[in-house]
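> Residue numbers (the numbering used here): 1 to 745.
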């Protein structure tokens, strides 16, 4: 079969570029085989050692973290701070269960824990409780002091084939009331070691002591540590005599991992055969030729087919010689796909979107301009001389019921209205929630009386059919008639108001708004702007007094918009005050209570005696909003200051380590962004700037007080290279580190 031009435009470039690349790579390998062998060896050793470090450190870290985390609990502090007598079964069982749970968290690692209370003078070891006298406790402390254990340190040792650690607890507290010990068997840690991949393995602590060895090393631990430290590197290769070693430092705890790989070197040298490289190159070119042919064919065929389709649709246009065929075909397919997806999405979700539109319409969340667009989008038919009524149907006797069938009954009512009432009178029916069914009627009449009579008849018909077909009793609240859907939210509130007065009528009744609030009367006595109250509470929580005052003004403006009766204002004000008192109680604040105790009468009594909006706003602002914000802010400031001080202490103690805000946040159990904002607010500079400035301070101290080389100072302060350190130093001090040292010696 003859291939077209597009096929060769794809096939030839792919084959040419791939073949040239293989030839260049093969040539490069032939000249750099020795160096490449070393790189492969280095990478293999690094990956192998890093995996070993990860596996072993994961076991050791799990051993540490489970116990230190447990020590932060309040139950732990309560138990270890007091004597633990055999009669106190509950505390003993609780502590023993926690220890067994921690051992279980470590899986099959054969981990054991023991805890000694310094204050309570007792010890739990191997599941047994032991009371300690002063002499025994003193001897135990002497053993701990012998290993030079500090209160901010976890000490690891190798004892009789077990890796053990000792630590004062609680780890993150200044008050240390107990000592914990944990151990894990050497064989457990060495399970992840493949004896065929290495000849030997050793772990050194920063003091030059063996923590673990696979076999006896041909040199002492101190000699090995000295040799490693002389390289001034955290990882690398050592060639000592006939032996080859690879080492890596775990910077989080300064432990050194060393593997011996003499056998691996011999294997790699035997595998580095040039003939294999040539054979691989030839096979690769052949494979790429086949792949290029397949790719070119699979790409060119659909593009050609699509191009022909476009040519057939483009009458009078010759597009066979155009160069952008792939671009055109991709664009055409994307357009078709997007149109299909949009159509499917719209048809599938049309009912949901219409329901959301009706809910927003009834809650006054649709502007006049958007209303016309939505009516057109959802294909609603609107005509002149149309009157709109809102009906709300509620089941009698089942309000606030926990019966799981209630929502199904309301769904049945909604479907019954849709299927039995003449569609010409139904604009829309919907369920606002599981206990609210709303029907919007549209009556095409020229007189208000006739439309109202028809709407009332429809409501009574609904009530009768629900009783007949569903055997349920409902009451219906009906609004006044409005000639525009813009006023649907008012009609909805009127229907709500009518239904709220249902207690004054019999069951299965249609209650119109005229029955409970004739035109011209004060409407919506129960109106309450909950959304504005939410904003008031939000501004209180963030401490923004000005915005809280603005929201309070908006709250009362909304009240005045819907009702002018003082009873409405009084009821809403009392509800707002109750909610603010609840917020104050939830925050655990006391200042509001103190202010109220100093008054001759309660705030409720003063509002009732003088229901003036300006006076009420002043009371709420002075006696509730302002005190809550001030006291809450004081508590927050104390917390912020404590967190900032902990961050600064961590920087001062670990400035020469790779510390980050994320690691500190993880240790303190806070979000990094939250800590960043707090630190900058309290200290005035960002975490990074503070860390850099402190390292600069320590750099100047090291330059003046020591003869440490500038390169070593840069490495100690975690700079990637000495040039970066010199540039930073000169930018901030106006001189180089060397000149600064000479001028201040």
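All C-beta atoms in this analysis are idealised placements derived from N, C-alpha and C, irrespective of residue type, glycine included.
Tell me whether residue 28 is buried or exposed, calling it buried when 16 or more other Cβ atoms sit within 10 Å of its Cβ.
With fewer than 16 Cβ atoms within 10 Å of its Cβ, residue 28 is classed as exposed.
> Do residue 258 and residue 204 come within 9 Å of each other at the CB atom, strictly closer than that value?
Contact: yes.
> Pull up the CB-CB distance for residue 59 and residue 189, whole angstroms please, since I reckon it's below 8 Å.
The Cβ separation is near 6 Å, so the contact holds.
> Contact between the region 229 to 245 and the region 76 to 91 is defined here as three or more beta-carbon pairs at a separation below 8 Å; is this criterion met?
The region 229 to 245, when compared against the region 76 to 91, does not touch it at the 8 Å Cβ threshold.
> Is it true that the region 652 to 671 meets the region 578 to 592, where meeting means three or more beta-carbon pairs spaced less than 8 Å apart?
Too few Cβ pairs lie closer than 8 Å, so no.
> Is it buried or exposed, residue 324, if we count other Cβ atoms within 10 angstroms and call 16 or more buried?
Residue placement at residue 324 is poorly supported in this model, since its pLDDT is 44, which falls under 50; the coordinates still yield a value, given next. When all chains shown are included, residue 324 counts as exposed.
> Are residue 533 and residue 589 closer than 9 Å when you measure CB to CB?
In this structure, residue 589 does not lie closer than 9 Å to residue 533 by Cβ.
> Tell me whether residue 677 is buried or exposed, calling it buried when 16 or more other Cβ atoms sit within 10 Å of its Cβ.
Residue 677 should be labelled exposed.
> Could you tell me whether the region 160 to 178 touches the region 126 to 142, using the rule of 3 or more Cβ pairs below 8 Å?
Result no; under three Cβ-Cβ pairs closer than 8 Å.
> Taking only the alpha-carbon atoms, compute the straight-line gap between residue 118 and residue 178 and give it to the nearest angstrom.
For residue 118 and residue 178, the distance between alpha carbons rounds to 5 Å.
> Counting pairs of Cβ atoms below 8 Å between the region 278 to 298 and the region 7 to 21, do you hit three or more?
The region 278 to 298 vs the region 7 to 21: in contact.
> Cutting at 7 Å between CB atoms, please list the residues of its own chain near residue 315, excluding the five before and the five after it.
The predicted model places residue 315 with a pLDDT of 40, which falls under 50 and marks its position as unreliable, so this point remains unresolved.
> Any chance the region 686 to 704 sits against the region 712 to 730, with 3 or more Cβ pairs inside 8 Å?
Yes, the region 686 to 704 is in contact with the region 712 to 730.
> So what does DSSP say about residue 258, is it helix, strand or coil?
Here residue 258 sits in strand by DSSP.
> When the Cα of residue 646 is compared with those of 26, 382 and 664, which residue comes out closest?
Comparing Cα positions, the closest option is 664.
> For residue 240 and residue 737, what's the separation of their Cα atoms in angstroms?
The straight-line gap from Cα to Cα measures roughly 36 Å.
> What does the Cβ neighbour count give for residue 481, buried or exposed, with the cut at 16 atoms within 10 Å?
Buried: at least 16 other Cβ atoms inside 10 Å.
> In the DSSP assignment, what are the bridge partners of residue 391?
Paired residues: 439 and 478.
> Does the contact criterion of 3 or more C-beta pairs under 8 Å hold for the region 599 to 608 versus the region 628 to 643?
With a cut-off of 8 Å, the region 628 to 643 and the region 599 to 608 do not count as touching, because too few Cβ pairs lie within range.
> Can you tell me where the beta strand (DSSP E) holding residue 123 begins and where it ends?
Per DSSP, residue 123 belongs to the beta strand (DSSP E) from 122 to 125.
> If you reduce the DSSP assignment to three classes, tell me which class residue 139 lands in.
Residue state, collapsed to three classes: helix.
> If you run the structure through DSSP and keep just helix, strand and coil, what is residue 96?
In this structure, residue 96 counts as helix in the three-state DSSP scheme.
> For residue 510 versus residue 475, is the C-beta distance shorter than 9 Å?
Yes, they are a contact pair.
> Contact defined as beta carbons within less than 8 Å: I believe residue 436 pairs with residue 465. What is the distance between those atoms, to the nearest angstrom?
Between residue 465 and residue 436 the Cβ distance is about 19 Å, and since that is not below 8 Å, they are no contact.
> Who are the near neighbours of residue 382 in its chain, counting only those whose CB is closer than 7 Å to its CB and skipping five residues on each side?
Cβ neighbours of residue 382 beyond the five flanking positions: 375.
> Mark residue 249 as exposed unless 16 or more other C-beta atoms lie within 10 angstroms of its C-beta, in which case mark it buried.
Buried: at least 16 other Cβ atoms inside 10 Å.
> Looking only at C-alpha atoms, which of 413, 199, 45 and 127 sits nearest to residue 218?
Cα-wise, what sits closest to residue 218 is 199.
> Could you give the distance in angstroms between the alpha-carbon of residue 16 and the alpha-carbon of residue 285?
Taking the straight line from one Cα to the other gives about 10 Å.
> Going straight from the alpha carbon of residue 187 to that of residue 662, what length do you get?
Looking at the two C-alpha atoms, the distance is approximately 34 Å.
> Which residues in the same chain as residue 513 place their Cβ atom closer than 6 Å to its Cβ, once the five residues preceding and following it in sequence are excluded?
Only 479, 480, 494 and 498 meet the Cβ criterion.
> Is it the case that the Cβ atoms of residue 681 and residue 733 are separated by a distance below 9 Å?
Their beta carbons are not under 9 Å apart, which means residue 681 does not touch residue 733 by this criterion.
> Taking 9 Å as the cut-off, decide whether the C-beta atoms of residue 777 and residue 417 are in contact.
One cannot answer for residue 777 here, as it falls past the ends of the chain, which runs 1 to 745.
> Let me check understanding here. Comparing Cα to Cα, which of 7, 629 and 720 lies closest to residue 302?
Among 7, 629 and 720, the Cα nearest to that of residue 302 is on 7.
> So, at 6 Å on beta carbons, what are the nonlocal neighbours of residue 202 in its own chain, with the 5 sequence-adjacent residues on each side left out?
Around residue 202: 213, 217 and 258.
> Are the Cβ atoms of residue 483 and residue 380 separated by less than 9 Å?
No, the Cβ-Cβ distance between residue 483 and residue 380 is not below 9 Å.
> Can the beta-carbon of residue 559 be found closer than 9 Å to that of residue 610?
No, Cβ-Cβ distance for residue 559 and residue 610 is not below 9 Å.
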